[in-house]
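2 protein chains.
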Amino acid sequence: MTFDLKDCGTCPIRHRAVCARCESDELEILESIKFYRSFEAGQPVIWSGDSMDFVASVVTGVASLSQAMEDGRTQMVGLLLPSDFLGRPGREFAPYDVVAVSNLTLCCFRRKPFEKMMLNTPHIAQRLLEMTLDELDAAREWMLILGRKTAREKIASLLTILARREASLALQTAQSGTSFELPLTREAMADYLGLTLETVSRQVSALKREGIVQLEGKRKIIIPDFDLLVAETGDDADGGVMV
Amino acid sequence: MTFDLKDCGTCPIRHRAVCARCESDELEILESIKFYRSFEAGQPVIWSGDSMDFVASVVTGVASLSQAMEDGRTQMVGLLLPSDFLGRPGREFAPYDVVAVSNLTLCCFRRKPFEKMMLNTPHIAQRLLEMTLDELDAAREWMLILGRKTAREKIASLLTILARREASLALQTAQSGTSFELPLTREAMADYLGLTLETVSRQVSALKREGIVQLEGKRKIIIPDFDLLVAETGDDADGGVMV
DNA sequence: CGGAGTGTTGAAAACAGTCAAAGACAGTGG
DNA sequence: CCACTGTCTTTGACTGTTTTCAACACTCCG
Chain G
1 MTFDLKDCGT CPIRHRAVCA RCESDELEIL ESIKFYRSFE AGQPVIWSGD
51 SMDFVASVVT GVASLSQAME DGRTQMVGLL LPSDFLGRPG REFAPYDVVA
101 VSNLTLCCFR RKPFEKMMLN TPHIAQRLLE MTLDELDAAR EWMLILGRKT
151 AREKIASLLT ILARREASLA LQTAQSGTSF ELPLTREAMA DYLGLTLETV
201 SRQVSALKRE GIVQLEGKRK IIIPDFDLLV AETGDDADGG VMV
Chain E
1 MTFDLKDCGT CPIRHRAVCA RCESDELEIL ESIKFYRSFE AGQPVIWSGD
51 SMDFVASVVT GVASLSQAME DGRTQMVGLL LPSDFLGRPG REFAPYDVVA
101 VSNLTLCCFR RKPFEKMMLN TPHIAQRLLE MTLDELDAAR EWMLILGRKT
151 AREKIASLLT ILARREASLA LQTAQSGTSF ELPLTREAMA DYLGLTLETV
201 SRQVSALKRE GIVQLEGKRK IIIPDFDLLV AETGDDADGG VMV
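Line by line, the protein sequences are chains G and E.
Residue 235 in the UniProt record's numbering sits at position 235 of the first sequence, with consecutive numbering throughout.
Residue 224 in the UniProt record's numbering sits at position 224 of the second sequence, with consecutive numbering throughout.
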């Protein structure tokens with residue numbers, strides 16, 4: 001990490017996070033209640049039911065939100081990438097398990113002061129509303145994947161989503177020939193998609209066998225023809241989501 | 001409906017809708033941009049991709065949001081009950097199909113004036129943020145149902161959700177002996193749960209055969225022992241969701 | 001070298017889906 | 001009043017995808 005941990009001005013997620021609309025005087029207040037926390041890949045950030053005295057922005061890395069059933073079945077219900085927001089103002093106890101999927105840095109704000117600040121800083125509430133509405137859209141797209149797609153379509157959809165995100169970080173659109181590092185294990189992919197890890201492994205192998213994706217090691221994905229992959233998602237060619 | 005269509009003061013959803021926090025002067029502005037629209041059960045409200053020049057609150061009835069795939073597979077991604085909000089400020093085109101599941105009355109606001117009003121009326125934006133966060137929680141619970149539950153658990157979960165809502169309208173908690181009218185056809189239930197309508201029918205019959213629910217006609221559900229039903233959902237006894 | 005974590009592959013079983021037929025019910029019009 | 005129609009629902013038989021259970025391969029690391 002090469003950004004200055006104290007200065008919001010050099011923060012890599014400054015323009016997309018919950019503080020994106022803040023003026024410099026507002027940032028100063030935020031700086032006074034913020035602190036950074038880091039987690040190694042695989043580490044828990046918080047367990048469902050724990051009291052949460054902070055909310056946070058993901059600065060670098062990936063975190064997952066999941067819900068577990070008594071018998072161990074687990075469903076991932078959120079994937080937090082850099083600039084995404086963690087926690088809910090006004091809520092004391094965490095409703096989900098939060099785990100660092102990769103090495104993770106959070107910019108945390110003490111919850112009480114943050115809530116107080118939201119009341120007189122419309123810029124924060126406005127941005128949070130926008131981000132929450134976007135997350136709701138993403139959750140609904142995810143529901144279609146979970147409820148109606150086949151195992152193969154689910155895998156293709158996940159790879160498409162990850163490729164698009166990777167591209168958008170570089171301010172591009174996803175293209176043939178792009179490649180990216182899979183931030184998820186087979187088990188995490190399975191928890192995301194509502195499958196077993198064996199089924200994930202089989203379907204990834206099948207896509208590889210058919211030349212729709214190439215693998216370098218277990219984790220690096222190369223997509224020789226992006227349209228070919230999109231055709232496997234079951235969505236229409238434009239990606240399905242209307243803007 | 002016995003409420004006065006002009007006066008927010010007698011509106012049945014006044015205390016829970018997006019306008020819940022508004023002062024009387026704010027309500028006056030809202031009244032000047034609002035209008036009511038009604039739809040019969042089964043009627044489309046808007047199609048995915050249509051331009052939407054209004055946002056709205058559900059006053060009475062039930063509406064569904066769904067996403068369709070090219071080949072006809074359909075997934076319901078939202079169920080809007082009285083007081084729920086429809087539409088997104090700042091968005092021109094509808095991303096989902098909206099259908100009146102039962103007879104439906106909407107309190108519509110012209111989108112442009114509503115957006116303008118949001119900027120100088122923090123009460124509306126605050127309430128909308130709260131409602132959106134609640135919807136996101138509901139969507140995530142739904143994801144667990146779609147991704148990890150068996151057909152039987154899905155049906156039991158849906159009935160539990162509907163029973164709880166029914167009870168909360170009467171300001172009670174769900175209890176043994178409660179009954180309610182199913183607002184959904186078997187097909188709509190299937191679209192909600194990511195099942196086929198045949199599987200829904202079979203599982204409802206099975207729960208009836210085992211005495212876990214009783215049916216009066218096709219649509220009225222009686223729950224003799226609420227805990228027995230909850231035990232079939234796969235969640236832990238307290239309902240799973242932490243508040 | 002042994003062990004833990006991660007991933008792959010095979011065979012059998014189970015669950016939900018598909019296809020098909022028929023029942024229940026409400027509304028319509030003769 | 002009754003036959004007819006259309007919609008919604010139930011049930012049966014069969015099929016097929018995904019899960020389950022099991023074994024094994026690969027890599028990293030002490």
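Just so you know, even glycine gets a beta-carbon here, dropped at the ideal spot from N, CA and C.
Taking the beta carbon of residue i as the centre, do at least 16 other beta carbons fall within 10 Å, making it buried, or is it exposed?
i: residue 226 of chain G; result: buried
i: residue 172 of chain E; result: exposed
i: residue 39 of chain E; result: buried
i: residue 96 of chain E; result: buried
i: residue 43 of chain G; result: exposed
i: residue 61 of chain G; result: buried
i: residue 35 of chain G; result: exposed
i: residue 94 of chain E; result: buried
i: residue 10 of chain E; result: exposed
i: residue 232 of chain G; result: buried
i: residue 47 of chain G; result: exposed
i: residue 119 of chain E; result: exposed
i: residue 205 of chain E; result: exposed
i: residue 64 of chain E; result: buried
i: residue 145 of chain G; result: buried
i: residue 209 of chain E; result: exposed
i: residue 184 of chain E; result: buried
Determine whether the Cβ of residue i lies closer than 8 Å to any Cβ atom of chain G.
i: residue 128 of chain E; result: yes
i: residue 17 of chain E; result: no
i: residue 194 of chain E; result: yes
i: residue 125 of chain E; result: yes
i: residue 231 of chain E; result: no
i: residue 137 of chain E; result: yes
i: residue 60 of chain E; result: no
i: residue 87 of chain E; result: no
i: residue 44 of chain E; result: no
i: residue 70 of chain E; result: yes
i: residue 213 of chain E; result: no
i: residue 95 of chain E; result: yes
Which same chain residues, not among the five before or five after residue i, have their C-beta less than 7 Å away from its C-beta?
i: residue 234 of chain G; result: 149, 153
i: residue 189 of chain E; result: 158, 200
i: residue 195 of chain E; result: 151, 154
i: residue 244 of chain E; result: No answer is possible for residue 244 of chain E: it lies beyond the span of chain E, which begins at 1 and ends at 243.
i: residue 37 of chain G; result: 106, 108
i: residue 29 of chain E; result: 117
i: residue 49 of chain E; result: 93, 94
i: residue 228 of chain G; result: 212
Can you list, in chain order, the residues of its chain whose CB lies under 6 Å from that of residue i, leaving out five sequence neighbours each side?
i: residue 174 of chain G; result: 163, 164, 167, 226
i: residue 207 of chain E; result: 213
i: residue 7 of chain E; result: none
My output table needs one value for residue i: the three-state DSSP class, helix, strand or coil.
i: residue 218 of chain E; result: coil
i: residue 96 of chain G; result: coil
i: residue 88 of chain G; result: coil
i: residue 241 of chain E; result: Residue placement at residue 241 of chain E is poorly supported in this model, since its pLDDT is 45, which falls under 50; the coordinates are not used for a value here.
i: residue 173 of chain E; result: coil
i: residue 161 of chain G; result: helix
i: residue 101 of chain G; result: coil
i: residue 80 of chain G; result: strand
i: residue 181 of chain E; result: strand
i: residue 203 of chain E; result: helix
i: residue 245 of chain G; result: As shown, chain G starts at 1 and ends at 243. That puts residue 245 of chain G outside it, with no answer to give.
i: residue 108 of chain E; result: strand
i: residue 67 of chain E; result: strand
i: residue 51 of chain E; result: strand
i: residue 34 of chain E; result: strand
i: residue 230 of chain G; result: helix
Excluding five sequence neighbours on each side, which residues of the same chain lie with their C-beta closer than 8 Å to the C-beta of residue i?
i: residue 33 of chain G; result: 109, 110, 113, 114, 117
i: residue 74 of chain G; result: 66, 67, 68, 191
At least one CB of chain E closer than 8 Å to the CB of residue i: is that the case?
i: residue 236 of chain G; result: yes
i: residue 105 of chain G; result: no
i: residue 144 of chain G; result: yes
i: residue 113 of chain G; result: no
i: residue 160 of chain G; result: no
i: residue 227 of chain G; result: no
i: residue 73 of chain G; result: yes
i: residue 122 of chain G; result: yes
i: residue 67 of chain G; result: yes
Closer than 7 Å: is that where the CB of residue i sits relative to any heavy atom of the ligand GTP?
i: residue 189 of chain G; result: Summarising the ligand content, the structure contains no ligands, and the ligand GTP is consequently not present.
Checklist entry - Touch check for the region 130–137 of chain E and the region 134–144 of chain G: three-plus C-beta pairs under 8 Å? => result In short, these stretches touch, since the Cβ pair count reaches three.
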